[in-house]
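Participant:
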Amino acid sequence: MAKLSLAHAWLAIVSLTFLRLTAVSAADITATFTNGNNFIFDTDGNAIDSTSGKIDFFNGTYVWYGLSFACAKEFCGILSYSSPDLVHWKNNGFLFDPNTTEIATLCGGSLTGNCGRPHIVYSEADSEYVLWVNARAPGYALFTSKSATSGYVPLAQRALVGVQRPATMAGDFSVAVINGTGYLAYSLLDFTTTGASIWPPFLQSIYVQELTADLKNTTGDAFQIMPVGDLVDNEAESPDIWQRGDYFYVTASNTCGFCTGTILVVYRSTSIQGPWQRQIISADTCGGQTTAVLTLPSSSGGPTTYLHQADTFSDAPGAITGIRTGIHGHDFQPLSFNVDGSVQDIDCTVGTQKVITLAPGNSTATDGTALAATDGSGESDQAYHVVCDLPKYQLYQTWASSKSGSLTSVGFNMAADSATGNLSATVFRYTNNTNFFTPRYVWETLASVNFLPTELTTSMAVLQVPVSNVTVQVGDRLGIALVNGGVTPMCHPVKTDSNVMFDVDTSTRTLFANGLGQVSMRGKQGDTVPVKIMPGAEIKWFATVM
């Protein structure tokens, strides 16, 4: 993949997903979405590291769970997040320990499923949550827990499927409880159809089957979804099953693992036995790949909202290689329906705003390191994109303190794949903007940390520089300097406002950059300083003053 040039990176502004959250009544709230490939951050400021998962409403809490790709391996674990409003997300940690020998055997290896496409349902029969994952054969592996967000234990039994012939394997899937009955939608990979020089690598189609009362196995016949019989039906994956009115729906994409811009297929039928009708409601799923449709309740008796969720791997920069990368965005689209039950095409026009209504959750994910910070570039409603300009540049992000007190920490987001050197982060105090253009200027160092390559992941996690025994006053000019000591790129979020112009006297939040090795005057007349101004640009950062 080609690396992002700095010029293109500063211009590649991505519109924000979660614009705002407002109250509708004492019962309901609304969230407004703006189209775009979007980065979402948890309450501690880390990028949401969740792929191929889903958001469910469990016991009054919105729970987002999915595969973590932060370790850049085949399996890193399954993370969960909780939210009261689909905007503020608290990281709950892993559903189970991903580092045991048992889990490494189950979830590792190639062409094994890697414990992918996790789905959770609540078993009323056993009063516990059941986690299904795609891991080896036959069928699917199961875990159970008394909590939706942690403590899952693997079961010895596996959930079998109604159709799994020799040389086939159950692949992508979803499970859901609809009107008290559990259902499975799964794709069946047919390895008897391999052999093409280019494409397709094999055929796969989707089957639907009921679950047993305890939601730990299938029962009855499995019914194939094959309304047309072409390569769309025979190359369908990433299914999710849900219901609206009299219709069962199964959403799916074409075969393309962790891809950008796959088609969005919708099947519908009044019975899982069929007949099924098919639509294609988007040619590229707004730059993403479908992963789920969320059924959002209303506590005021209003209509149910159906919100489509997709992973947008097009947000991953070329410097972070591979299809399994923690750098990716998430796209959410409310679905609209015609009177015959068909789904209207989704509108991917960048900048289009859409409002949804939902019941407020009862979790308390409205605090966290980033949300409690004194100053910062912003979290949930900012238009971040990713650039990979370290070590090409040394970066200096500045700001003016809005509070007097003790500066305790400064955090920023960074990602790297196989970093070859340390990342030096220095918090400093300076006098004014002319200092950056003055030879031999020495700032006041407040704190400094050398982060080892092993401390960087591919998921744009927060790195924090602790600061001790430093008092700041309102208006103090502060900054953080970032220097990559290796040769492989490091990447970070940036937002850019073209309306913000630099003023040497009044600008306080400015991103300065100095080219690698640029330590002397430049230009035809020898009077051009090496430090550059990145107008309107700001890395993702926050600072805490107590």
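Mapping of the sequence shown onto mature numbering (1 follows the signal peptide of the UniProt record, and there is no 0): residues -26 to -1, 1 to 520, in sequence order. Glycine included, each C-beta is placed from N, C-alpha and C at the ideal position.
#1: Check the C-beta distance from residue 252 over to residue 223 and give it rounded, since I have them as a contact under 8 Å.
#2: With a CB to CB cut of under 8 Å and the five nearest residues on each side skipped, what residues in its chain are close to residue 210?
#3: Identify, in the order they occur along the chain, each residue of the same chain with its Cβ nearer than 8 Å to the Cβ of residue 35, setting aside the five sequence neighbours on each side.
#4: Here's a check: name, in chain order, each residue in its chain whose Cβ is nearer than 6 Å to the Cβ of residue 591, leaving out the five neighbours to either side.
#5: Check each candidate in 97, 419, 47, 107 and name the one with the smallest Cα separation from residue 83.
#6: Taking all protein chains shown into account, do 16 or more other C-beta atoms lie within 10 angstroms of the C-beta of residue 26, making it buried, or fewer, making it exposed?
#7: Does the beta-carbon distance from residue 407 to residue 457 come in below 7 Å?
#8: Quick check: what's the CA-CA separation for residue -2 versus residue 139?
#9: Can you tell me whether DSSP reads residue 429 as helix, strand or coil?
#10: Would you list, in sequence order, the uninterrupted beta strand (DSSP E) runs of no fewer than 3 residues that lie entirely inside the region 9 to 97?
#11: For my contact list, residue 292 and residue 395 are in at a C-beta cut-off of 8 Å; report their separation, rounded to the angstrom.
#12: Hey, would you say residue 520 sits closer than 7 Å to residue 379, going by beta carbons?
#13: If you follow the beta strand (DSSP E) that residue 402 is in, where does it begin and where does it stop?
#14: Taking the beta carbon of residue 254 as the centre, do at least 16 other beta carbons fall within 10 Å, making it buried, or is it exposed?
#15: Residue 108: which of 143, 95, 136 sits nearest, CA to CA?
#16: Can you tell me whether residue 409 is helix, strand or coil according to DSSP?
#17: Drop a sphere of 10 angstroms on the beta-carbon of residue 194, count the other beta-carbons inside from all chains shown, and report buried for 16 or more, exposed for fewer.
#18: Could you tell me the alpha carbon to alpha carbon distance between residue 463 and residue 454, rounded to whole angstroms?
#19: Would you identify the three-state DSSP class for residue 287, choosing helix, strand or coil?
#20: Mind checking residue 473: buried by the 16 CB within 10 Å criterion, or exposed?
#21: State the Cα-Cα distance for the pair residue 277 and residue 375, rounded to the nearest angstrom.
#22: Going by C-alpha distance, which of 269, 313, 351, 260 is nearest residue 523?
#23: Whole beta strand (DSSP E) runs in the region 109 to 185 with 3 or more residues, listed along the chain?
#24: Going by the CB atoms, is the gap between residue 206 and residue 149 shorter than 7 Å?
#25: Can you give me the C-alpha to C-alpha distance between residue 237 and residue 329, rounded to a whole angstrom?
#26: Tell me the rounded alpha-carbon separation between residue -11 and residue 332.
#27: Closest by CA to residue 6, which one among 305, 369, 515, 418?
#28: When you compare the CB positions of residue 60 and residue 23, do they come within less than 7 Å of one another, or not?
#29: Cα separation between residue 112 and residue 163?
#30: Roughly how many angstroms lie between the CA atoms of residue 262 and residue 145, to the nearest whole one?
#31: If you compare alpha carbons, which of 141, 365, 134, 168 is closest to residue 159?
#32: Mark residue 493 as exposed unless 16 or more other C-beta atoms lie within 10 angstroms of its C-beta, in which case mark it buried.
#33: Touch check for the region 491 to 511 and the region 432 to 440: three-plus C-beta pairs under 8 Å?
#34: Report yes if the C-beta distance between residue 420 and residue 402 is below 7 Å; otherwise report no.
#35: Using three-state DSSP, classify residue 507 as helix, strand or coil.
#36: Determine the closest residue to residue 415 out of 512, 438, 505, 20, with distance taken between C-alpha atoms.
Facilitator: Well, looking at it:
#1: That belief does not hold up - the Cβ atoms of residue 252 and residue 223 are roughly 11 Å apart, past 8 Å.
#2: When the five nearest sequence neighbours on each side are left out, the beta carbons in the same chain lying within less than 8 Å of the beta carbon of residue 210 are those of 161, 178, 179, 180, 199, 226, 227, 228, 229, 239, in order along the chain.
#3: 56, 57, 58, 122, 335, 336, 337
#4: Residue 591 falls outside the range modelled here, since the chain spans only -26 to 520, and no answer is possible.
#5: 47
#6: buried
#7: no
#8: Low per-residue confidence applies at residue -2: pLDDT is 46, beneath 50, and the placement is therefore not dependable, though the value from the model is reported in the following sentence. Using only the alpha carbons, I get a separation of about 53 Å.
#9: helix
#10: 25 to 32, 35 to 41, 52 to 57, 64 to 68, 90 to 97
#11: About 20 Å; that fails the 8 Å criterion.
#12: If you check the CB distance, residue 520 and residue 379 come in under 7 Å.
#13: 397 to 404
#14: exposed
#15: Among 143, 95, 136, the Cα nearest to that of residue 108 is on 143.
#16: helix
#17: Residue 194 is exposed by the Cβ-count criterion.
#18: 19 Å
#19: Secondary structure at residue 287: helix, using DSSP grouped into helix, strand and coil.
#20: exposed
#21: 46 Å
#22: Given a span of -26 to 520 for the chain in the structure shown, any question on residue 523 remains unanswerable.
#23: Counting only runs of 3 or more, we get 114 to 119, 127 to 133, 142 to 152, 155 to 164, 177 to 185.
#24: no
#25: 24 Å
#26: Low confidence applies to residue -11: its pLDDT is 35, below 50, so where it sits in the model is not reliable enough to give any reading.
#27: Of the candidates 305, 369, 515, 418, the one whose C-alpha sits nearest the C-alpha of residue 6 is 305.
#28: no
#29: Cα-Cα distance, rounded: 12 Å.
#30: 20 Å
#31: Of the listed residues, the one whose Cα sits closest to residue 159 is 134.
#32: Classification of residue 493: exposed, given that the 10 Å Cβ count is below 16.
#33: A contact between stretches requires three or more CB pairs, one per stretch, nearer than 8 Å, and the region 491 to 511 fails this requirement with the region 432 to 440.
#34: yes
#35: If DSSP states are grouped into helix, strand and coil, residue 507 belongs with the strands.
#36: 505
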